[in-house]
Structure formats: structure tokens, C-alpha cells
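Here is the structure we will look at.
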Amino acid sequence: MFDFYIIKILLLTASAFIFAILWTPLLTHYLYKYKMGKQIRNNGKTPIYSKLHAHKSGTPTMGGILVWLTVLILALVFYYLGKFLPWEIFKQLNFLSRSQTLLPLGALVATALIGLFDDWLDVRGKGILGGGGLRVKHRLLIYTIIAAIGAWWFYFKLDWDVFHVPFLGDYQLGWPYVLIFILVLVATAFSVNETDGLDGLAGGVLLICFVAFGVIAFSTGKYDLAAFCGVIAGALLAFLWFNIAPARFIMGDTGAMSLGITLGVITMLTNSALILPIIGWVFVIESGSVILQLLSKKIRGKKIFISSPIHHHFEALGWPETKIVMRFWVIAGLSAAIGLMVFLLDKNI
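My numbering numbers the first residue of the sequence shown as 32 and each following residue consecutively.
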């Protein structure tokens, strides 16, 4: 039985990669045709970033469409093929289930559409001070509301308020579970977004994280959720094919925020919220560097890093972009291995 599920996951992962690769030229054509290029604006607030990335101005954003739309199309295709065609293979390949994948898929698409609107504002120069995009407080509010809807679903619909602490066991939290759920989703989304600053960086780290949580989902018997992670991983592989330096397009908020929220939902579905900071250690470093920079400027009146997030600090030091990305991938792979080791050791105690 395990062999069947493994074959199903690998087949769906490969299908996602092939399908995404095949329709990428269409996406790229429209992104360039309608001039959906990212605008690098030198407004005086981020002079180092503007200088380092001036050459990327005009590179199409919204590349994250490739990932979430591939996942959505394959989920619907296999669901309806399994429903209306007599062949058993299509029923078996369906990975859309109410208990495991409906919520993360809904979260992925909903936040992707909001991110798409934010990217459009940025491209058109609309929004905050004419600089483009939604204000941070507005984005925080919107994604908090989405996270709250997910928390409500878990707490009231699924009657789920159990929080697992590795090596210590499960704790029934009651209503504070809702707050933890919201915190995990919002923190993950914004941390992934902070990481999306170099060609291939966020995509590669997300790929490793979704593979790791696919393993966790599989080991807990959530095979449809593991397949869902595999489909995202396959789509991310196709995205990376075109996103590695020099990128044909970049992820944008439609990809980074939606995949961050989705990763958070999967974390809560597998009851492994405290494993996430280990597997996603790169995200912790990136968002942590931003927080430290802001606190240092406010309290000490000076910066810790030349620029933040920390990958821009290394850029400012003269490190080549590809070297930073590859080293962060190495860190992500190592932290994912450690996180899986902690999860498996905890599971066997």
C-alpha cells in the first residue's frame, strides 16, 4: 500500500513539473507583453537595495502564478477526471480531499489572488506614496483575516485545538490555539516574502520545505496532503528552471505570500508548528535580521547590517548573488534534515 502512495506522489510531482514547464512560455509571453516588470524605485529609503538591484528593474514579477495555478488546475483536473471517467487510475490520482487538502488549496488560491493584486499595484506604481503596492499595515490586516478564517475552521469545524511540543507531547490549548494558528500563518507568510529577494532564493528554500513537510505528512498517514506537497514541489521545480539567475521572472507576492500561508496551514494540519522554525531556518534568519535591524535603528540609532534582509547584507559585502543563493540552499537542506530527524525521533518516543 505504501508503494502505491509513493508512486502516486512521485507521479503527481512529475506531472506538475511537466505541465508547468509546458505552459511557462505562455505565461512569460503575457508577462512581457503587458509589461508586468518589477519596479526598482529609488525613493531614498533603501538606497543600497536600489543600487544593487537596479539592473533587475523591468524583470516580470507575478511568476508565482506558475506555481499556484498549476496546483489549482491539476487538483481540479484529477478531481473531475476521477469523478466522471470510469477508469480507476484517475480516482486514485485525485488528491483533493475535504479533510486534508481543501483548506490549504483554498488558502493558496485566496492569498495568491490578493498577492496578485498587490503585485499589479506595484507594477503600475499605485498604492503607498505612488511607490506601488499595499501598505504593510493593510497587508498585515488582510492576511491576518485569512489566517483567522483558517483558525476558525480548525477550532470550530474540525474541533481541533491540540498543540504538539516535540518530546513532551500534546497539549489541549482551547481558544489560545486560534491565536497560535494566526501567528504561525502570518509569520510564515511574511518571512517567506522577506526571503524572496534574490533569483532562485525563495523558490529553492520553499522547494526543500515542501518536500520535508511532504515527508512529515506521509509519515502521519496524510497521503493526500503529501501528494499536495509533491505537486507544489513539482511546480516549484519548474519555476526554478526559469527563476535561477538571471531570472526570466520573479515570484512576486502572488507566489511568496500564498506559498508562505500554505506552508503554515500544512504545518498546523500535521501538528508540527514547532518543527517549522527548524526546517524553515532560512526564513527565521531572514525575518529575524529585518526585526533586529529595525530594533537596532530605533533603540541604538544605527544599523547592525549594511542592508536587510541578511541576503542583501552579503550582497553589499560583495558576495555574488549565485553564491549567496547556493549557500542558503545548503543551509535550508541541512536544517530540513535536522527538522525531519527531530520529527522522526519524537514520533518514535
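Ideal Cβ positions, reconstructed from N, Cα and C, are used throughout, including at glycine.
Restricting attention to G319, G311, T90 and G332, the CA atom closest to the CA of G370 is found in G311. Here D201 carries a strand assignment [DSSP, helix/strand/coil].
For F212, the enclosing alpha helix (DSSP H) has its first and last residue at P207 to T226.
Segment contact: the region 256-267 against the region 126-137, three or more CB-CB distances shorter than 8 Å; contact assigned. Excluding five sequence positions before and after L238, the CB atoms of its chain that fall closer than 8 Å to its own CB belong to A264, L267, L268 and L271, given in chain order. In this structure, F221 is the residue among F221, G68, L103 and M93 with its C-alpha nearest to the C-alpha of K168. In the DSSP assignment, no residue is bridged to G364. When only Cα atoms are considered, I49 and S327 end up about 46 Å apart.
For F194, the secondary structure class from DSSP, reduced to helix, strand or coil, is strand. Going by beta carbons, V315 and F359 fall outside the 7 Å limit.
In this structure, V262 and T44 form a Cβ contact; the two beta carbons are roughly 7 Å apart against a cut-off of 8 Å. Counting along the chain, no alpha helix (DSSP H) covers A276, and no H or E run does either. For M288, the enclosing alpha helix (DSSP H) covers residues D284 to L300. The C-alpha of I341 lies about 19 Å from the C-alpha of M288. When secondary structure is reduced to three states using DSSP, G68 falls in the strand class. Within the same chain, and ignoring the five residues on either side of H195 in sequence, the residues whose Cβ sits closer than 6 Å to its Cβ are D201 and N302. Secondary structure note for F241: its alpha helix (DSSP H) is the uninterrupted segment L232 to S250. Excluding the 5 residues flanking it on each side, T132 has same chain C-beta neighbours closer than 7 Å at F126, D255, L256 and F259, in chain order.
Contact holds between the region 93-104 and the region 52-64, because three or more Cβ pairs, one in each stretch, are under 8 Å apart.
Residue pairing by DSSP places P91 opposite G68 in a beta bridge. Assignment of L172 by DSSP, reduced to helix, strand and coil, places it in the helix class. Going by beta carbons, A233 and M282 fall inside the 7 Å limit. The alpha carbon of V217 has as its nearest neighbour, out of Y111, A138 and S320, the alpha carbon of A138.
At a cut-off of 4 residues, the continuous stretches assigned as alpha helix (DSSP H) that sit fully inside the region 122-158 are 133-154. P308 and F109 have their C-alpha atoms some 33 Å from each other. Between V356 and G231, the C-beta gap is smaller than 7 Å, which places the two residues in contact.
Counting only the Cα atoms, Y174 lies some 30 Å from E346.
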